[in-house]
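Notes to accompany the following structure.
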Amino acid sequence: MRLVFAGTPDVAIPSLRALLDSPRHQVVAVVTRPDRPAGRGRRVRPSPVHELAGERGLEVLSPARAGDPEFLGRLGEIAPDCCPVVAYGALLPAPALEIPKHGWVNLHFSLLPAYRGAAPVQRSVLAGDDLTGASVFQIEPAMDTGPVYGVLTERIRPSDTSGDLLERLAIAGARLLVAVLDGIEDGSVEARPQPADGVSLAPKLTVDDVRVDWSQPAVAIDRLVRAATPAPGAWTTLRDRRVKLGPVRLGSPNTGSPNSGSPNSGSPNSGSPNTGSPNPGTPNGGIPNGGAAGDDGSLPPGRIVMAGNGAVLVGTGTVPVALGEVRPEGRGAMPAADWIRGLRPSLEEAFS
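Okay, so the sequence shown: first residue is 11 according to this note's numbering, each after it adds one.
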């Protein structure tokens, strides 16, 4: 089939490459979001899909809105058989949906009807799900409601960040998308309506959504940080400055040591409140440790302690968590221990 591919970020690249390599289909153009500032220098850059399309000599359409008459006119001139979509980033109006012979077919990273919306992978990690997947469905004017051609499933690993999980789903989903398009061409697949039960929404995670509340259970904080990695990035504050957090490890009750087991194990309320204690051994380079804990070995939510083994522990509503990488405001990523040694927090300082 003659295809116009719609997508924007890196996660769309495996699907575009798979379609470009397919002997049965011809990608004649791509639709992607307009160039925008990106990176630390905020330089205006084309999207990853735009860049790959340029390398392959494909026509690139970048409408400000998918309903622009100029865009609709050009799409009508191209007259594609089908328009596959992966993370395009904008809703498609009815006039656009009517142009391709076989409509627009979307690869969505959830098992529909669960997690309809912009952030299905992040919301699944945040919820502590064990299983997710991807669905290929026919796009309708309403958001992610169309009939489904095919699905795949993927286990969520205990240490998965959203970035880890999305990378695997993008690769597996590309194969599913090609198979569905093959089936549409030869008439061997049929789209089935989504069930009425099990509908949930997955709105984009905002910066406010991913501020860490240290009074929450450690398991919930672990999930939040992993869900927000790599973007928008979970954060907290110390001395009125933001600090972004990389994935954490859960401590063990009464020891404060990082737990080598599954960080996702147990319910979010597992562990007795504030029972994790830091190692009360010799301070590391003058960093507060034993004195920050209560008489019973508890560590108050947000309190920062350098354990005897060099781990940077933070109190939560249950057991402590051990920080990995941090990104202080205005600086690059670094090991938490290096940052804390330079900061030298007092015994009473805590994240807020």
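Idealized CB from N, CA, C, for every residue including glycine. The structure displayed is predicted, hence computed values, not measured ones.
Checking the sheet assignment: what are the DSSP bridge partners for residue i?
i	result
Lys-254	Trp-245 and Arg-337
Ser-145	His-118 and Val-161
Pro-94	Val-115
Ala-360	Arg-313
Phe-15	Val-40
Glu-69	Ala-39
Leu-211	Arg-126
Pro-355	Partner(s): none; Pro-355 has no beta bridge.
Pro-47	Val-54
Pro-205	According to DSSP, Pro-205 bridges with nothing at all.
Pro-345	Glu-335
Closest to residue i by CA distance: which of the options is it?
i	options	result
Ala-343	Gly-261, His-60, Leu-255 and Gly-312	Leu-255
Leu-71	Gly-312, Pro-90, Thr-42 and Asp-78	Thr-42
Leu-62	Pro-73, Pro-213 and Pro-24	Pro-24
Pro-93	Gly-86, Ala-104 and His-112	The question names Pro, but residue 93 in the sequence shown is Cys. Answer by Cα proximity: His-112.
Pro-73	Arg-46, Asn-116 and His-118	Arg-46
Leu-122	Val-59, Gly-77, Thr-155 and Ile-109	Thr-155
Asp-223	Thr-247, Gly-208 and Asp-207	Thr-247
Leu-186	Thr-216, His-118, Gly-64 and Val-229	His-118
Leu-30	Val-229, Leu-191 and Pro-257	Leu-191
Val-14	Gly-99, Leu-85, Glu-164 and Ile-166	Leu-85
Leu-162	Ser-172, Ala-180, Ser-198 and Val-315	Ala-180
Val-40	Glu-339, Arg-34, Arg-55 and Val-96	Val-96
Asp-174	Val-135, Gln-204 and Ala-206	Val-135
Gln-132	Arg-66, Pro-33, Gln-226 and Val-235	Val-235
Arg-34	Ala-346, Glu-195 and Asn-116	Glu-195
Gln-148	Pro-203, Arg-249 and Leu-309	Pro-203
Ala-228	Arg-351, Ala-76 and Leu-309	Leu-309
Glu-108	Gly-318, Ser-120 and Ala-89	Ala-89
Ala-201	Val-158, Ala-237 and Gln-226	Val-158
Ala-317	Val-331, Pro-311 and Gly-340	Val-331
Gly-340	Phe-361, Ser-362, Leu-101 and Arg-252	Arg-252
Pro-213	Arg-167, Ala-237, Ile-166 and Val-54	Ala-237
Where residue i and residue j are concerned, what is the direct C-alpha to C-alpha distance, given to the nearest angstrom?
i	j	result
Asp-139	Val-324	25 Å
Ala-106	Ala-244	37 Å
Gly-183	Leu-68	23 Å
Ala-22	Pro-110	20 Å
Arg-337	Thr-239	12 Å
Thr-18	Arg-27	13 Å
Thr-328	Leu-353	26 Å
Ala-152	Ala-128	13 Å
Leu-221	Glu-359	Sequence check: residue 221 is Arg here, not Leu. If you take the alpha carbons of Arg-221 and Glu-359, they lie about 18 Å apart.
Asp-348	Ser-198	58 Å
Leu-211	Asp-20	23 Å
Gly-208	Ala-124	6 Å
Leu-215	Pro-242	7 Å
Val-258	Pro-355	20 Å
Leu-141	Glu-87	42 Å
Val-146	Gly-160	5 Å
Ser-57	Arg-178	21 Å
Tyr-98	Ala-16	6 Å
Gly-301	Arg-313	The pLDDT assigned to Gly-301 is 42, lower than 50, so where the model puts this residue is not dependable; a value taken from the coordinates is nonetheless given after this. So the alpha carbons of these two residues sit roughly 11 Å apart.
Gly-320	Leu-260	15 Å
Arg-233	Arg-126	20 Å
Arg-52	Val-217	19 Å
Ala-76	Trp-114	13 Å
Arg-351	Pro-311	20 Å
Could you check what DSSP says for residue i in three-state terms: helix, strand or coil?
i	result
His-118	strand
Ala-230	helix
Arg-27	helix
Gln-36	strand
Gly-86	helix
Gly-261	strand
Arg-221	strand
Ala-10	This structure leaves residue 10 out entirely; the chain is present only between 11 and 362.
Val-324	strand
Ala-152	coil
Ala-4	No statement about residue 4 is possible, as the shown extent of the chain runs from 11 to 362 and does not include it.
Val-331	strand
Val-59	helix
Ile-297	Any reading at Ile-297 must be qualified, since the residue scores a pLDDT of 41, below 50, and its modelled position is unreliable; the value itself is stated next. In this structure, Ile-297 counts as coil in the three-state DSSP scheme.
Ile-181	helix
Thr-285	Residue confidence is low: Thr-285 scores 36 on pLDDT, short of 50, so the model does not pin down where it sits. No coordinate-derived value is stated.
Gly-193	helix
Asp-170	coil
Ile-109	coil
Val-199	coil
Ala-22	helix
Gly-364	Beyond the ends of the chain as shown, which are 11 and 362, falls residue 364; an answer cannot be given.
Gly-318	coil
Ala-237	helix
Gly-5	The structure shown does not extend to residue 5, since the chain spans only 11 to 362, so no value can be given for it.
Could you tell me whether any Cβ in chain B is nearer than 7 Å to the Cβ of residue i?
i	result
Gln-36	You won't find chain B in this structure, because it holds only one protein chain.
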